[in-house]
Amino acid sequence: KNEVEQSPQNLTAQEGEFITINCSYSVGISALHWLQQHPGGGIVSLFMLSSGKKKHGRLIATINIQEKHSSLHITASHPRDSAVYICAVSNRDDKIIFGKGTRLHILP
Amino acid sequence: EAGVTQSPTHLIKTRGQQATLRCSPISGHTSVYWYQQALGLGLQFLLWYDEGEERNRGNFPPRFSGRQFPNYSSELNVNALELEDSALYLCASSSGRLRNTGELFFGEGSRLTVL
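Protein chains in written order, with the working numbering: chain E, 43 to 150; chain V, 1454 to 1568.
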C-alpha cells in the first residue's frame, strides 16, 4: 500500500463543475502539499497545509490531521485547470513522499 | 525575479555514460531538492542539499550523486546510466527547512533519455 494515496486517478468534468480530489496518507507528517503539474512537466506548488483550510482564488485545500486526509477543491472549473494534481507529504526531515497524481481534464 | 532554472532541458545519453544536470535555485534559497519522475511512475525524492551539505537522500543507488556549490546552485550526477534512468528530473528550492518555510518552487525539469 502506498503511503500517499490519491483518488480519483483520472477525472473528466465539464467546465463549471465543482471538482474534488482526495488524498489519504498513512505516515506522520509535518505538512501536506498540493502541487499542479502541467503537460510540459513544470510543477507549481499550490498549497502547503499543516492544519485547517486554505483558499486561493478558486482553489480550496483542507486537511484533517486526525483522519490523515486532505481534499483539494476547484470551484467553477475551467479548461485551463486541466493538469495533474499531486498530493505530497513532508516529514520533519524534509523528506517528501508523493502521491501518484490525479489527472484532471476539464471539457469546454 | 528568476525562478528555479534547470539545464539542460533535454539530454540524450547512451547506457553506461554519465549525465550531469544542473539547477540554480531562486536567489536567496539555500535548500535544493532533486526528484525523479520516470514514465508511468510518480515523483520520487532523490536528494536534498542545504547550505552546501547533503541532508537526506531517497532510495536510489550510489550512482546518483550530487553536490551543492557555495552559491547554492546544485548538480546531479548519474553515473553508469541505465535505461530505466530515463526520466524527468525536477529540481526544487526553498528558503529553508520545509517544515519551517513550507513552500517549494520547482524548475521546469531536465528530461534525460538513455538509449
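We put the beta carbon where it would ideally sit given N, CA and C, even for glycine.
Review point. When you compare only the Cα positions, how much space is there between E/G58 and E/H120?
Key: Position 16 of the first sequence, counting from 1, holds the residue named residue 58 of chain E. Position 78 of the first sequence, counting from 1, holds the residue named residue 120 of chain E. Their Cα atoms are separated by approximately 6 Å.
Point to revise | Cutoff 7 Å; reference V/G1562; Cβ partners in own chain excluding five residues on either side | key: Indexing the second sequence from 1 puts residue 1562 of chain V at position 109. Q1459, L1541, Y1542, L1543.
Practice item. State the start and end residues of the unbroken beta strand (DSSP E) segment that holds E/G94. Key: As a first step, residue 94 of chain E must be located in the first sequence, where it is residue number 52. The continuous beta strand (DSSP E) containing E/G94 extends over residues 94-98.
Exercise for review: Report the partner residues of V/T1473 according to the DSSP bridge assignment.
Suggested key: If you number the second sequence from 1, residue 1473 of chain V lands on position 20. For V/T1473, DSSP records a beta bridge to V/N1530.
Review point. At which residues does the beta strand (DSSP E) containing V/G1519 begin and terminate?
Key: Along the second sequence, one-based indexing puts residue 1519 of chain V at 66. It spans 1517-1521 - the beta strand (DSSP E) in which V/G1519 sits, taken as one unbroken run.
Practice item. Report the three-state DSSP secondary structure of V/R1508 (helix, strand or coil). Key: Counting from 1 along the second sequence, the entry for residue 1508 of chain V is found at position 55. Looking at V/R1508 - three-state DSSP - the assignment turns out to be strand.
Exercise for review: In angstroms with no decimal places, state the Cα-to-Cα distance between V/S1484 and V/E1507.
Suggested key: Locating residue 1484 of chain V in the second sequence gives position 31, counting from the first residue. Locating residue 1507 of chain V in the second sequence gives position 54, counting from the first residue. Using only the alpha carbons, I get a separation of about 10 Å.
Exercise for review: Kindly indicate the opening and closing residues of the beta strand (DSSP E) around V/R1468.
Suggested key: Translated into positions along the second sequence, residue 1468 of chain V becomes position 15. Secondary structure note for V/R1468: it is in no beta strand (DSSP E), with a DSSP letter that is neither H nor E.
Point to revise | Residues of its chain near V/R1510, where Cβ-Cβ distance is below 6 Å and the 5 sequence neighbours each way are ignored | key: Start at 1 with the first residue of the second sequence, and residue 1510 of chain V comes out as number 57. Within the same chain, V/R1510 has close Cβ partners L1500.
Review point. Hey, E/R100 and E/T117: beta-carbon distance below 8 Å or not?
Key: By 1-based counting over the first sequence, the position of residue 100 of chain E is 58. By 1-based counting over the first sequence, the position of residue 117 of chain E is 75. Taking C-beta atoms as the reference points, E/R100 and E/T117 count as a pair closer than 8 Å.
Exercise for review: Kindly indicate the opening and closing residues of the beta strand (DSSP E) around E/R145.
Suggested key: Here the question's residue 145 of chain E lines up with position 103 in the first sequence. 144-149 is the span of the beta strand (DSSP E), which, as asked, contains E/R145.
Check your understanding: Can you find a CB in chain E that lies within less than 8 Å of the CB of V/R1508?
Key -> To locate residue 1508 of chain V, count along the second sequence from 1; it is residue 55. Yes - at least one Cβ of chain E is within 8 Å of the one on V/R1508.
Check your understanding: Checking contacts by CB at 8 Å: is V/L1557 closer than that to chain E?
Key -> Within the second sequence, the letter at position 104 stands for residue 1557 of chain V. Answer yes: the Cβ-Cβ gap between V/L1557 and chain E drops below 8 Å somewhere.
Exercise for review: Kindly say whether E/K142, judged by its beta-carbon, lies nearer than 8 Å to any beta-carbon of chain V.
Suggested key: Here the question's residue 142 of chain E lines up with position 100 in the first sequence. Yes, E/K142 lies at the interface with chain V (some Cβ there is under 8 Å from its Cβ).
Review point. Under 8 Å between C-beta atoms, does V/L1496 make it to chain E?
Key: On the second sequence, position 43 is the one that residue 1496 of chain V refers to. For V/L1496, the nearest beta carbon of chain E is closer than 8 Å to its own beta carbon.
Practice item. Residues of the region 1482-1493 of chain V with a CB closer than 7 Å to any CB of chain E: list them in chain order, please. Key: Here the close residues number zero.
Point to revise | Own chain, CB closer than 7 Å to E/W76, minus 5 neighbours either side, in chain order | key: In the first sequence, residue 76 of chain E corresponds to position 34, counting from 1. Contacts found: L88, F89, A103, L114, Y127, C129.
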